[in-house]
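In my numbering, the protein residues as written are 2 to 283.
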């Protein structure tokens, strides 16, 4: 019991003693207290710095590893895609050139069909079929032979060119396909005309018009049909124009992608510089 009482009195006396001490020696006690607080603050500050240093070092190392991995992966991908894209671009351009050469060859091979439609009206062609008088359009008589179309296709590689189809756009191939179909169908119509002695005008041939409707606006088709002459030339000219436009479009995106690789390579170099800077100054 006595010990408890003494301890209780001591606890009560502590604040009193502290007050007395502050009153008696305020300056000395204050200086000591401030120094103690500064000491503890400095120790804690060093501990925090140490912890932050360890955390920063760990984060820097993690960042180094992440940047290194990203740079390596990006560089490998760019090198692979760049080589593949260049190869694909060259192949696309070559296939487009081949198709254009065949397109021009077909235009030359079947020029007599377009020519006779340009210089003679349907009635004049019908008259020539009956009289056999073709004069300047004599070459059109070769279409009386059903093998003429196949020979022409073979000479200009119109069928063999299909192996290039995989390297060009679907729309470009459609333009070429329709051009080939136009010449083939009109050739067949002339073959039937010679056989029957009655002109099979493409203007009234539904399969022919169906071929056109897949690529040409209806107003162009109607305009061509309304012309007594040059209607076939109008159609083939539109097909040729659309083929050339699509040829340029199909090549341009590939070229743009190839050009953009220089910008991507610059981005890779920037990542490399960041990695080098971290390595030099952790």
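Note that the Cβ used here is the ideal one computed from N, Cα and C, for glycine as well.
Three-way DSSP call (helix, strand, coil) for residue i in this model
{"i": "residue 157", "result": "coil"}
{"i": "residue 185", "result": "helix"}
{"i": "residue 110", "result": "helix"}
{"i": "residue 174", "result": "helix"}
{"i": "residue 135", "result": "coil"}
{"i": "residue 124", "result": "helix"}
{"i": "residue 202", "result": "coil"}
{"i": "residue 197", "result": "helix"}
{"i": "residue 229", "result": "coil"}
{"i": "residue 217", "result": "coil"}
{"i": "residue 169", "result": "coil"}
{"i": "residue 208", "result": "helix"}
Of the listed residues the options, nearest to residue i (C-alpha basis)
{"i": "residue 240", "options": "229, 99, 106, 178", "result": "178"}
{"i": "residue 127", "options": "249, 229, 252", "result": "229"}
{"i": "residue 182", "options": "170, 216, 252, 165", "result": "216"}
{"i": "residue 172", "options": "244, 51, 189, 138", "result": "244"}
{"i": "residue 199", "options": "233, 139, 129, 208", "result": "129"}
{"i": "residue 99", "options": "175, 161, 88, 234", "result": "161"}
{"i": "residue 236", "options": "131, 94, 122, 204", "result": "204"}
Rounded separation between residue i and residue j - CA only
{"i": "residue 167", "j": "residue 143", "result": "34 Å"}
{"i": "residue 226", "j": "residue 212", "result": "14 Å"}
{"i": "residue 195", "j": "residue 249", "result": "40 Å"}
{"i": "residue 201", "j": "residue 149", "result": "17 Å"}
{"i": "residue 102", "j": "residue 158", "result": "9 Å"}
{"i": "residue 224", "j": "residue 232", "result": "8 Å"}
{"i": "residue 234", "j": "residue 156", "result": "22 Å"}
{"i": "residue 87", "j": "residue 154", "result": "32 Å"}
{"i": "residue 147", "j": "residue 122", "result": "24 Å"}
{"i": "residue 252", "j": "residue 138", "result": "39 Å"}
{"i": "residue 152", "j": "residue 109", "result": "14 Å"}
{"i": "residue 94", "j": "residue 242", "result": "18 Å"}
{"i": "residue 219", "j": "residue 191", "result": "24 Å"}
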